[in-house]
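Colleague:
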Amino acid sequence: MRRGLVLVHHGVGETDPSADPAHLVAGVGTLAAQLDWLAGRGYRFWSADELARRAAADGPPPGTAVLTFDDGLADGLSVAAPLLRDRGVPATFFVCPGLLGAQHELVAGPRGRLLSAEEARELGSLGFDLGAHSMTHPDLRSLDDGALAREARDSRARVEELTGRPCRTFAYPYGLFDARVERAVEAAGYEVAFAWRPGRWRRFAAPRLPAPVRRGGRRLALKLARSRLRR
Ligand SMILES: [Zn+2]
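Okay, so the sequence shown: first residue is 4 according to our numbering, each after it adds one.
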């Protein structure tokens with residue numbers, strides 16, 4: 004049986020490459036091809052919340068794929084959500100409640116717009132899972148204990164206000180954390196916190212595979228195979 008995996012995307016949509024120098028926006032066709040590739044290989048899809056409820060200790064079971072989108076870009080609602088709904092695929096959007104309606108620091112132009120509070124609420128009401136990505140997307144390692152605790156706790160509370168549901172999952176901004184950050188996130192009441200790199204499962208340093216932003220299924224297959232060789 005195929006090993007379970009958690010994928011991380013950021014934006015989805017067509018964009019001028021000069022507006023996206025960090026390659027954070029996947030083409031629509033690329034995301035569609037990845038979903039079709041996974042479905043074609045028999046993967047079933049879980050949200051990160053389902054993973055936290057059912058398999059927090061062990062990670063995604065074989066044959067399970069968890070789709071996550073970091074930063075709360077507005078195209079999560081306008082582009083990704085319809086594509087996911089067409090295929091009946093759940094997903095988790097990690098949002099920064101302190102940055103709702105702002106501009107992404109690395110994506111220029113309209114494609115870099117972040118979800119407003121109303122749009123984040125709508126994404127939740129469509130049945131998508133919202134997780135916390137801190138309030139303001141700092142490198143959490145650089146904060147003092149008080150500020151660190153606020154970033155972790157307040158973002159959980161604000162996401163719960165947006166969705167009306169428990170917020171069990173967190174994603175570290177930039178994938179950066181250390182032992183003190185892990186403890187603060189656990190103390191804030193989360194069940195699972197996600198890093199940004201593949202590796203062994205740990206609840207508060209949960210591995211993810213950055214999904215390729217170009218060329219769909221074949222590139223994903225290659226990346227998966229490589230991440231396994233590196234284990
Ligand atoms: Zn981020």
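All residues carry an ideal CB built from backbone N, CA and C; glycine is no exception.
1) Any chance the CB of P176 is under 7 Å from a heavy atom of ligand 1?
2) Would G239 and V216 be called neighbours here (beta carbons separated by less than 8 Å)?
3) Compute the distance between the beta-carbons of G66 and R47, then report whether it is under 8 Å.
4) I want to check one thing, is the minimum distance from the CB of D142 to the heavy atoms of ligand 3 below 7 Å?
5) Can you tell me which of the three DSSP states H12 falls into?
6) Would you tell me roughly how many angstroms separate the C-alpha atoms of P20 and R206, rounded to the nearest one?
7) Rounded to the nearest angstrom, what separates G32 and G149 at their Cα positions?
8) Enumerated in chain order, which unbroken segments of the beta strand (DSSP E) with a length of 3 residues or greater are wholly contained in the segment 35–89?
9) What does DSSP give as the partner residues of P213 in its beta bridges?
10) Pull up the distance between the alpha-carbon of G220 and that of A36, whole angstroms please.
11) Excluding the five sequence neighbours on either side, which residues of its own chain have a C-beta within less than 8 Å of the C-beta of G75, listed in chain order?
12) Spatial neighbours of G202 within its chain, please: CB distance less than 6 Å, with the 5 preceding and 5 following residues excluded, ordered by chain position.
13) To the nearest angstrom, how far is it from the Cα of R27 to the Cα of A196?
14) Near G178, which residues of its chain fall below 7 Å by C-beta distance, leaving aside the five closest residues on each side in sequence?
15) Which residue's Cα is closest to the Cα of R171: L126, D181, G91 and E194?
16) According to DSSP, is A196 helix, strand or coil?
17) I'd like the list of long-range same chain contacts for L151, defined as Cβ closer than 7 Å, with 5 residues on each side in sequence excluded.
18) Is the distance from the Cβ of L10 to the Cβ of L133 below 8 Å?
19) State yes or no: is the C-beta of P63 within less than 8 Å of the C-beta of L70?
20) Quick check on the DSSP output: the alpha helix (DSSP H) that includes A174 runs from which residue to which?
21) What is the C-beta distance between V110 and A22, in whole angstroms, given that I count them as a contact (C-beta under 8 Å)?
22) Report yes if the C-beta of D78 is less than 7 Å from at least one heavy atom of ligand 1; otherwise report no.
23) Is the beta carbon of D78 closer than 8 Å to that of V15?
Modeller: In short, the structure shows the following:
1) Within the sequence shown, the letter at position 173 stands for residue 176. Distances between the C-beta of P176 and the heavy atoms of ligand 1 include at least one below 7 Å.
2) In the structure displayed, the chain extends from 4 to 234; residue 239 sits before or after that span and is not available.
3) Position 63 of the sequence shown, counted from the start, is the residue given in the question as residue 66. Position 44 of the sequence shown, counted from the start, is the residue given in the question as residue 47. G66 places its beta carbon less than 8 Å from that of R47.
4) Ligands displayed in this structure: ligand 1; ligand 3 is not among them.
5) In the sequence shown, counting from the first residue as 1, residue 12 sits at position 9. Looking at H12 - three-state DSSP - the assignment turns out to be strand.
6) Translated into positions along the sequence shown, residue 20 becomes position 17. Translated into positions along the sequence shown, residue 206 becomes position 203. Within the model, the alpha-carbon separation for P20 versus R206 is close to 35 Å.
7) Here residue 32 refers to the residue found at position 29 when the sequence shown is read from its first residue. Here residue 149 refers to the residue found at position 146 when the sequence shown is read from its first residue. Each residue's Cα considered, the two are about 43 Å apart.
8) DSSP runs (the beta strand (DSSP E)) wholly in the segment 35–89: 47–49 and 67–73.
9) Position 210 of the sequence shown, counted from the first residue, corresponds to residue 213. Beta-bridge pairing links P213 to V11.
10) Stepping through the sequence shown from its first residue, residue 220 is reached at position 217. Stepping through the sequence shown from its first residue, residue 36 is reached at position 33. Straight across, the Cα-Cα distance linking G220 with A36 is about 5 Å.
11) Along the sequence shown, read from residue 1 onward, the residue named residue 75 stands at position 72. The beta carbon of G75 is closer than 8 Å to those of F96, F97, V98, C99, L102, L103, L117, L118, A123 and H136 in its chain, skipping five residues each way along the sequence.
12) In the sequence shown, residue 202 corresponds to position 199, counting from 1. Result list for G202: P210, in chain order.
13) In the sequence shown, the residue the question calls residue 27 occupies position 24. In the sequence shown, the residue the question calls residue 196 occupies position 193. At residue 27 the sequence reads Leu, which differs from the Arg that was named. Cα to Cα, L27 sits roughly 21 Å from A196.
14) Here the question's residue 178 lines up with position 175 in the sequence shown. These residues qualify, in order along the chain: A198, W199 and R200.
15) Locating residue 171 in the sequence shown gives position 168, counting from the first residue. Distance check between R171 and each of L126, D181, G91 and E194 places E194 closest, using alpha-carbon atoms only.
16) For the purposes of this step, residue 196 is identified with residue 193 of the sequence shown, where counting begins at 1. DSSP places A196 in strand when its eight states are reduced to three.
17) One-based indexing of the sequence shown puts residue 151 at position 148. Counting only Cβ-Cβ distances below 7 Å, and skipping sequence neighbours, we find L143, V184 and A187.
18) As a first step, residue 10 is located in the sequence shown; it is residue number 7 there, counting from the start. As a first step, residue 133 is located in the sequence shown; it is residue number 130 there, counting from the start. No.
19) As a first step, residue 63 must be located in the sequence shown, where it is residue number 60. As a first step, residue 70 must be located in the sequence shown, where it is residue number 67. The Cβ-Cβ distance between P63 and L70 does not fall below 8 Å.
20) As a working note, residue 174 is residue 171 in the sequence shown. Per DSSP, A174 lies in no alpha helix (DSSP H) segment; the continuous beta strand (DSSP E) that holds it begins and ends at T172 to A174.
21) On the sequence shown, position 107 is the one that residue 110 refers to. On the sequence shown, position 19 is the one that residue 22 refers to. The pair is a contact, with the Cβ atoms about 6 Å apart (cut-off 8 Å).
22) The sequence position of residue 78 within the sequence shown is 75, counting from 1. Answer for D78: no, Cβ out of range of ligand 1.
23) Translated into positions along the sequence shown, residue 15 becomes position 12. Translated into positions along the sequence shown, residue 78 becomes position 75. The Cβ atoms of V15 and D78 lie closer than 8 Å to each other.
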